[in-house]
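Protein chains in written order, with numbering that gives the first Met the number 0: chain A, 0 to 376; chain B, 0 to 376; chain C, 0 to 395; chain D, 0 to 395.
Quick reminder that beta carbons are idealized off the backbone N, C-alpha and C, glycines included.
Note that the coordinates shown come from a computational prediction; the quantities given were computed from them, not determined experimentally.
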Amino acid sequence: MDLGLSEEQEMLKTSARDFLQKECPKQLVRQLDDSEEGHSPDLWRKMAEQGWMGLVFPEEYGGSGGSFLDLAVLLDEMGYNILPGPFFSAVILGGLPIALTGSEEQKMEFLPRLADGTTLLTLALTEPTAGYDAASVRTEATARNGEYVINGTKLFVPNANVADYLICVARTGKGDQAESSLTLLIIDARSPGVRITPLKTIARDRQCEVVFDNVVVSEKNILGRPNEAWPIVEEVLQKATVAKCAEMVGGAQAVLDMTVNYARERIQFDRPIGSFQAIQHYCADMASDVIGSRFLTYKAAWKTSEGLPAAADVAMAKAWTGEAYERVTLLGHQILGAIGFTMDHDMHLYYRRAKAGQTIFGDADFQRGIVARGQGL
Amino acid sequence: MDLGLSEEQEMLKTSARDFLQKECPKQLVRQLDDSEEGHSPDLWRKMAEQGWMGLVFPEEYGGSGGSFLDLAVLLDEMGYNILPGPFFSAVILGGLPIALTGSEEQKMEFLPRLADGTTLLTLALTEPTAGYDAASVRTEATARNGEYVINGTKLFVPNANVADYLICVARTGKGDQAESSLTLLIIDARSPGVRITPLKTIARDRQCEVVFDNVVVSEKNILGRPNEAWPIVEEVLQKATVAKCAEMVGGAQAVLDMTVNYARERIQFDRPIGSFQAIQHYCADMASDVIGSRFLTYKAAWKTSEGLPAAADVAMAKAWTGEAYERVTLLGHQILGAIGFTMDHDMHLYYRRAKAGQTIFGDADFQRGIVARGQGL
Amino acid sequence: MDFRFSEGEEAFRQQVRQWLKQEIPQRWVELDPGIWEETEESWAIARQFHRKLGEKGWLAPAYPKEYGGLELSHMKRLILAEELAYNRAPVGVEVEITVNWVTPAILLFGTERQKKEYATRIARGDTIFCIGYSEPDAGSDLASVKTRAVEDGDDYVINGQKIWCSYAHLADYCWLAVRTDPDAPKHKGISVFIVDMKTPGITVRPLINILNHHSFNEVFFDDVRVPKENLVGQKNNGWYQVAIALDFERSSIGWAATNQRIIEELADYARETTRNGQPLAKDPLVRNQLAQLAVENEVARMMAYRIAWMYSKGLHPGYESSMSMVFVSELSRRTASIGMRILGHYGELDRGSKWAVLNARLARMSLSALSIGVGGGSNEIQRNIIAVRGLGLPRK
Amino acid sequence: MDFRFSEGEEAFRQQVRQWLKQEIPQRWVELDPGIWEETEESWAIARQFHRKLGEKGWLAPAYPKEYGGLELSHMKRLILAEELAYNRAPVGVEVEITVNWVTPAILLFGTERQKKEYATRIARGDTIFCIGYSEPDAGSDLASVKTRAVEDGDDYVINGQKIWCSYAHLADYCWLAVRTDPDAPKHKGISVFIVDMKTPGITVRPLINILNHHSFNEVFFDDVRVPKENLVGQKNNGWYQVAIALDFERSSIGWAATNQRIIEELADYARETTRNGQPLAKDPLVRNQLAQLAVENEVARMMAYRIAWMYSKGLHPGYESSMSMVFVSELSRRTASIGMRILGHYGELDRGSKWAVLNARLARMSLSALSIGVGGGSNEIQRNIIAVRGLGLPRK
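The following block contains the structure:
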């Protein structure tokens with residue numbers, strides 16, 4: 000048993016922290032949060048130079064063949080620094096399905112360009128039900144002379160507004176089971192009939208409405224095997240869930256650090272507020288929440304990385320981390336008081352992301368449903 | 000609006016507290032808890048002299064015509080002093096159905112003897128499903144020549160071991176609805192075929208298994224109208240639920256008082272522990288739980304007393320008070336530490352009753368189900 | 000015991016409701032601003048509405064009639080506050096502050112001139128105060144005030160800085176606590192002044208809150224001259240006066256009524272929304288959560304009623320107000336959190352977004368609720384008060 | 000990172016499991032005593048089992064081989080502790096105390112004679128200590144010890160009273176903290192002695208716990224003569240020695256494993272029990288609660304693993320142990336509470352009652368769990384430690 004990171008991972012962690020502190024100061028975070036696109040091509044280029052977008056992809060496709068655990072370490076630091084932009088959607092939601100199920104040709108086409116920062120992808124999965132189940136997919140792709148015509152509305156699609164390609168989960172048949180007639184299609188975001196509208200969220204992430212109105216793509220754009228998309232989607236979702244947990248762990252850690260520093264320095268009633276027992280106990284509970292999140296998340300990430308069955312572990316990590324991150328930010332705000340209620344302070348940036356992280360890929364109740372199945376319930 | 004008790008109720012409260020402190024000291028509570036019967040005929044006689052058993056029954060049946068709210072005030076004090084014995088089962092579970100639906104003859108037969116302390120009754124409702132719904136009643140009463148033959152097993156019947164009569168809820172037909180074929184029958188506890196086994200509970204209340212094995216009673220023993228028992232049972236349950244809340248409010252108040260006194264006096268690290276912020280905040284939360292319980296309970300009791308629809312209020316009171324009483328006792332134990340873990344201290348007596356109170360007549364989740372219906376969900 | 004309102008009180012409630020139905024501007028309903036969400040437009044609407052309320056005598060219904068009040072009973076004031084909040088009338092924090100903190104203190108400690116001049120205008124809705132208590136190094140700890148006032152002829156000359164002054168950029172006056180005796184012990188030597196915000200030397204600098212609105216300000220005092228007649232009460236007695244004022248009827252009923260409305264709207268939403276092929280209202284977890292919110296808000300409401308009832312009995316609630324505020328503030332956060340969770344991804348959508356539901360009120364509330372129970376008079380301090388004043392636990 | 004145990008460790012786990020399957024007496028399974036539930040019979044079984052464990056070297060596997068230990072790796076000790084607890088082996092609190100508090104302190108501070116004499120016998124399962132720290136006026140506050148030891152020739156003469164001495168009526172020795180210099184500051188002037196419980200002048204008076212068992216005692220010392228050679232470590236250095244000892248590997252893995260077993264049994268029960276015509280396991284609220292317990296216990300388990308892992312890396316966990324204990328103790332209470340709730344009326348039934356389910360373990364646990372995280376080393380103090388030592392928050 001080894002609960003520590005490897006030397007290489009520690010180096011990755013340190014270099015990521017240094018890079019982000021330097022290249023993505025909170026000032027830039029705020030600027031991007033407030034911008035229309037929520038994406039800095041300049042920062043993106045620099046990240047590509049760090050090799051981050053290709054971290055987990057094989058070397059033959061321009062990646063560096065890192066492990067999923069390496070990616071978790073990187074995401075942890077991104078969460079710590081609340082990096083805005085499409086990294087998560089491009090690499091995890093966009094890149095992973097291609098790496099998992101793409102043809103050699105597709106891999107060669109997309110992965111190197113993802114890795115070198117020239118192409119952005121995302122996954123268009125959820126629809127107005129806002130659920131992560133197969134039955135919720137109603138968008139239809141109808142076969143017609145070697146082409147597919149796509150119609151439907153996708154909702155809460157991350158970073159579609161800057162994506163070059165959308166990987167669309169569409170219904171291509173009328174199987175008995177909701178799961179058995181879904182297909183992945185790679186769609187150029189500039190195709191006629193694609194309409195992308197960013198939604199306004201409190202996390203100021205870029206979730207979008209994507210409408211497909213008689214969008215025509217070639218059958219060569221099918222990713223993986225027709226009607227057999229769901230197991231791939233499930234695998235991507237599972238990985239995305241633990242990846243999101245890694246981000247949240249970093250965020251929660253940052254909130255703890257920020258709060259403890261404040262409590263050490265802020266004087267009230269002639270004492271640092273961190274000397275009051277109530278504040279001490281809040282901080283102790285925050286620390287406990289953070290470490291719990293860290294271990295559950297890294298266990299799930301490690302299992303994922305090793306290719307071991309991890310469904311229950313991932314669900315446990317998300318159930319705990321999603322709620323813990325919210326608790327940690329709420330206590331952070333409680334301890335900071337009025338100063339944390341100002342735009343100028345960073346605390347609310349974390350709080351907003353905690354709320355978004357709690358929801359995406361299924362909230363704690365949803366995850367506990369998966370855990371219960373794992374318990375044989 | 001008047002959130003205070005009337006002068007008479009204040010007097011009842013004071014006299015009940017004085018009486019119980021004198022006649023039922025904790026020493027007697029422990030003795031009764033440990034005894035086989037859980038009942039002191041001597042104390043019972045004295046309570047009858049106080050007019051407590053007849054408090055809510057009309058004067059013509061030996062009662063004093065008090066209101067349900069008066070009863071709540073009395074139960075509050077009984078909970079404060081954790082009075083053991085069959086008062087609750089005799090007066091509320093046994094007496095109320097007779098007062099609500101009994102024939103003149105039945106009222107004359109049972110109520111005066113209940114009021115003067117010579118007869119004990121209880122309600123035999125729940126069965127091995129342990130649920131408070133009509134469908135759970137499987138015990139059958141089969142009509143035969145002006146008699147009924149009763150077969151079945153009742154479980155968790157309070158104080159059946161000392162009851163003279165059992166009011167049995169039995170199935171007398173095969174209606175379409177579970178609710179439509181239930182009948183109340185008054186059964187002499189010494190009838191052949193009645194077998195009563197007290198169960199051992201951590202609250203050391205006297206919940207019993209009652210087996211009816213071909214028990215024969217006359218059809219004159221039917222209470223109310225045949226096959227129409229369920230609305231009566233529901234009314235009794237609703238009243239019993241708020242009555243139990245009143246008991247719990249008193250118990251929670253006692254725990255708060257006991258804990259605050261201890262925190263004022265116990266010195267650790269050269270200070271009273273009640274001066275530590277953590278302990279102060281625990282106590283503040285306990286006080287908040289107690290007052291919340293008090294208001295929700297008294298509101299429900301007042302509505303019940305006034306004959307106003309109170310289903311949602313009663314469910315709210317029970318949902319809150321059941322959980323609050325447990326929280327309060329848990330914090331009480333936390334603050335008391337080791338001393339509270341000894342048999343000699345009173346705290347655990349309250350904790351045990353809090354656990355029992357939480358369960359009986361449906362736990363908080365069950366009550367929230369009723370509240371949700373009230374919300375139109 | 001009687002949990003009913005009297006017939007007269009019920010009639011009054013109906014009267015208020017009717018009036019609000021007519022008088023709340025449609026534009027306000029569209030704007031639907033939450034707490035700490037003043038814009039120039041919403042502020043303008045609110046000021047108009049204040050005057051209307053003032054005309055009815057409902058802006059400061061507690062005041063003596065001679066100072067523009069109605070001397071309305073405590074129970075009716077409770078009802079009024081409940082209806083205003085439930086119906087989302089354009090009454091903001093600034094009125095709460097002016098009406099409930101400033102005037103009562105003026106009436107208690109002020110000169111006859113001050114009472115006449117300010118109380119009456121406040122009751123009419125003509126005058127708004129901001130509060131100058133907090134300083135950068137004294138948030139919860141008022142006794143640490145450093146802003147100085149020095150006598151000079153007929154004036155005091157004030158220098159220093161205040162922070163968290165809500166609506167200072169819009170207020171007519173500041174209710175200012177300053178140090179007038181720097182050599183006295185911390186709690187002594189503080190005085191309270193009424194300062195015209197147009198006085199030269201006052202600079203107001205905005206602090207944008209996390210709802211992206213300008214409610215708070217830093218206020219800088221640079222040789223600000225205030226006539227001596229604007230001293231309220233006794234010189235150097237300010238800490239005591241402020242402590243009394245903070246203790247005035249802080250009505251938590253508004254929060255409870257706000258929650259009530261939102262819990263009802265969530266229930267409506269759950270009834271009307273289908274998820275996984277069945278109404279959300281049939282999901283046992285959702286039912287359980289909404290029911291628990293309803294139960295908790297009933298506790299909050301009763302705690303608030305209790306305060307009004309105590310006043311009506313001539314009792315003076317102390318720790319009971321603290322308890323009520325602690326409970327309702329934490330419940331507001333829970334309501335926002337659980338509400339957002341029930342809405343799922345839709346809960347994240349901000350006001351003005353396509354696909355937003357319930358006018359994004361839950362998302363907004365999840366942010367605004369972060370301001371409740373923190374800072375000056377934080378829930379930690381309130382819990383200390385409950386323990387020490389309410390339960391008699393030792394201070395040390 | 001690697002969350003797996005090594006092959007050797009897994010093999011060791013299998014070995015322990017096999018052995019426990021053979022060696023746990025059937026009678027013990029029937030008795031199924033929880034914590035603080037020693038009876039004469041269960042005590043006798045436990046003492047037998049201790050000797051068996053001792054023979055395997057598994058009673059004190061951490062000790063140096065020369066004192067009867069196995070010098071087993073930290074990870075294997077973790078596994079051993081986990082399997083013992085999960086399989087409900089007859090190992091009580093008394094062993095935990097003796098093995099994990101007393102001997103490590105003897106090995107650190109004791110004379111060679113003390114090490115040889117006591118450590119070896121403890122490792123064999125021949126000797127049990129009780130702890131004499133708490134006094135009526137010093138529960139969490141060890142520095143307030145008043146029991147006095149005065150030098151007299153070759154002996155110390157001890158007078159005073161101790162309380163909460165678990166198993167003092169059954170123990171062979173007492174590990175006793177007393178004041179040897181009444182004039183020194185509170186934290187100085189305390190010394191630790193090994194006292195034979197058969198020494199004249201010792202009176203043991205039972206305190207019956209709320210499980211109705213005799214675990215705790217008051218112990219009175221009336222001119223008890225203890226040879227000077229029984230002083231452990233330096234005179235007047237006792238407070239420091241005790242603080243170190245309290246800091247020794249306190250394994251929370253036992254609690255986590257105990258919870259794990261119970262959560263699994265609750266899940267079994269939910270699968271096998273029909274309520275309202277469907278298996279309890281289909282009730283969404285029950286599913287949600289059991290899943291949450293499983294998640295929380297996974298946190299508890301990882302916190303415990305972390306401690307062992309840190310030791311295995313040569314690190315010395317401090318606040319990490321506090322965190323682990325706070326978390327698992329509160330989780331144990333939640334497990335008992337939620338478990339009882341899921342069982343409904345059946346959950347209230349005590350051991351030996353007709354109709355009891357899961358051997359009434361939840362009801363028993365709901366009582367025994369009241370003892371965890373309270374009193375000396377309470378969760379409040381542990382949270383202070385986390386804040387101050389772990390997070391660097393200021394003490395004052």
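Enclosing alpha helix (DSSP H) for D/T198 [first to last residue]: Looking up residue 198 of chain D in the fourth sequence gives position 199. Annotation for D/T198: no alpha helix (DSSP H) segment contains it, and DSSP assigns it neither H nor E.
Contacts of B/T128 in chain D (Cβ-Cβ under 7 Å): Along the second sequence, one-based indexing puts residue 128 of chain B at 129. Under the 7 Å cutoff, chain D gives R274.
Counted within 10 angstroms of its Cβ, other Cβ atoms place C/K312 as buried (16 or more) or exposed: Walking along the third sequence from the start, residue 312 of chain C turns up at place 313. Under this definition C/K312 is an exposed residue.
Status (buried if at least 16 other CB within 10 Å, exposed otherwise) for B/L307: As a first step, residue 307 of chain B must be located in the second sequence, where it is residue number 308. So B/L307 counts as exposed.
Euclidean distance between Cα positions of B/G116 and B/G65: Position 117 of the second sequence holds residue 116 of chain B. Position 66 of the second sequence holds residue 65 of chain B. Using only the alpha carbons, I get a separation of about 17 Å.
Proximal residues, the segment 303-318 of chain C versus chain B, C-beta separation under 9 Å: Residues Y304, R305, A307, W308, M309, S311, K312, Y318.
Beta carbon proximity, C/R270 to chain A, threshold 8 Å: Locating residue 270 of chain C in the third sequence gives position 271, counting from the first residue. No, no contact with chain A.
Close Cβ partners of D/E347 (< 8 Å) along its chain, the five nearest in sequence each way excluded: Within the fourth sequence, the letter at position 348 stands for residue 347 of chain D. Closer than 8 Å at Cβ, skipping near neighbours: M339, A362.
Close-in-space but distant-in-sequence residues of the same chain around C/I384 (CB under 7 Å, 5 per side omitted): Residue mapping note: residue 384 of chain C aligns to position 385 of the third sequence, counting from 1. The answer, listed in chain order, is Y318, S321.
Contiguous alpha helix (DSSP H) assignments of at least 4 residues, all confined to the segment 6-67 of chain B: Counting whole runs of 4 or more residues, the segment 6-67 of chain B contains the alpha helix (DSSP H) stretches 6-22, 25-33, 40-48.
C/V373: contacting residues in chain A (beta-carbon distance under 9 Å): Residue mapping note: residue 373 of chain C aligns to position 374 of the third sequence, counting from 1. Within 9 Å of the CB of C/V373, the CB atoms of chain A belong to H332, Q333, I334, L335, G336, A337, G339, F340, in sequence order along the chain.
Rounded straight-line distance, which links the Cα of A/A245 to that of C/S352: For this step, residue 352 of chain C is matched to residue 353 along the third sequence. For this step, residue 245 of chain A is matched to residue 246 along the first sequence. Each residue's CA atom was taken as its position, placing C/S352 and A/A245 some 29 Å apart.
As assigned by DSSP and simplified to three states, the class of A/K173: Residue mapping note: residue 173 of chain A aligns to position 174 of the first sequence, counting from 1. Secondary structure of A/K173 (DSSP, three-state): coil.
Boundaries of the alpha helix (DSSP H) in which A/W229 is found, first to last residue: Here residue 229 of chain A refers to the residue found at position 230 of the first sequence. Its alpha helix (DSSP H) spans residues 229-264.
Residues of the segment 276-306 of chain B whose Cβ lies closer than 8 Å to any Cβ of chain A, in chain order: Only those residues of the segment 276-306 of chain B whose C-beta falls short of 8 Å from the nearest C-beta of chain A are listed: Q276, A277, H280.
At least 3 beta-carbon pairs within less than 8 Å: the segment 199-214 of chain C vs the segment 133-143 of chain C: Cβ pair count under 8 Å is below three, so no.
Per DSSP, the bridge partner or partners of D/P278: Position 279 of the fourth sequence holds residue 278 of chain D. For D/P278, which the question treats as bridged, DSSP gives the partners D/T273.
Interface residues of the segment 243-273 of chain B facing chain D [CB-CB below 7 Å]: Listed by position, the residues of the segment 243-273 of chain B near chain D (Cβ gap below 7 Å) are I266, Q267, F268.
For C/Q160, the residue or residues it bridges with in DSSP: As a first step, residue 160 of chain C must be located in the third sequence, where it is residue number 161. Residue pairing by DSSP places C/Q160 opposite C/F219 in a beta bridge.
DSSP state of B/N150 mapped onto helix, strand, coil: Walking along the second sequence from the start, residue 150 of chain B turns up at place 151. Looking at B/N150 - three-state DSSP - the assignment turns out to be strand.
DSSP bridge partner residues for B/Y350 (one or two, in chain order): By 1-based counting over the second sequence, the position of residue 350 of chain B is 351. Paired residues: none, contrary to the question.
Proximal residues to A/S135 (C-beta, below 6 Å), its chain only, five neighbours per side dropped: Within the first sequence, residue 135 of chain A is the residue found at index 136, counting from 1. Within the same chain, A/S135 has close Cβ partners E126, T128.
Distance CB(A/Y79)-CB(A/A114) smaller than 8 Å: To locate residue 79 of chain A, count along the first sequence from 1; it is residue 80. To locate residue 114 of chain A, count along the first sequence from 1; it is residue 115. Between A/Y79 and A/A114, the C-beta spacing is not below 8 Å.
Contact with chain B by D/Y345, beta-carbon distance below 8 Å: Locating residue 345 of chain D in the fourth sequence gives position 346, counting from the first residue. A Cβ of chain B is located within less than 8 Å of the beta carbon of D/Y345.
Bridge partner(s) assigned by DSSP for B/I396: Since the first and last residues shown for chain B are 0 and 376, residue 396 of chain B lies out of range.
Test: C/M74 CB closer than 8 Å to a CB of chain B: Taking the third sequence and counting its residues from 1, the one referred to as residue 74 of chain C is at position 75. By this cut-off, C/M74 is an interface position.
Cα-Cα separation between D/R76 and A/K21, rounded to whole angstroms: Start at 1 with the first residue of the fourth sequence, and residue 76 of chain D comes out as number 77. Start at 1 with the first residue of the first sequence, and residue 21 of chain A comes out as number 22. Computed Cα separation, rounded: 45 Å.
Candidates A/Q279, A/R326, A/L376, A/V55, of which the one nearest D/P278 by Cα: Your numbering for residue 278 of chain D matches position 279 in the fourth sequence. The option with the nearest alpha carbon to D/P278 is A/L376.
Rounded C-alpha distance that separates A/R194 from A/H347: If you number the first sequence from 1, residue 194 of chain A lands on position 195. If you number the first sequence from 1, residue 347 of chain A lands on position 348. Going from the Cα of A/R194 to the Cα of A/H347 covers about 32 Å.
Residue from C/R360, C/K185, C/E37, C/Y132 with nearest C-alpha to C/I207: Position 208 of the third sequence, counting from 1, holds the residue named residue 207 of chain C. Nearest Cα to C/I207 within the set C/R360, C/K185, C/E37, C/Y132: C/E37.
Same chain only: Cβ atoms within 7 Å of A/D312, ignoring 5 sequence neighbours per side: For the purposes of this step, residue 312 of chain A is identified with residue 313 of the first sequence, where counting begins at 1. If we look at A/D312 and ignore the five residues flanking it on each side, its Cβ neighbours are K298, A299, K302.
Cβ neighbour criterion (16 or more within 10 Å) applied to B/V370: For the purposes of this step, residue 370 of chain B is identified with residue 371 of the second sequence, where counting begins at 1. Counting every other CB atom within 10 Å of its CB across the protein chains shown gives B/V370 a total of 16 or more, marking it as buried.
Complete runs of the alpha helix (DSSP H) confined to the segment 115-185 of chain C [at least 4 residues]: Qualifying alpha helix (DSSP H) stretches, in chain order: 119-123.
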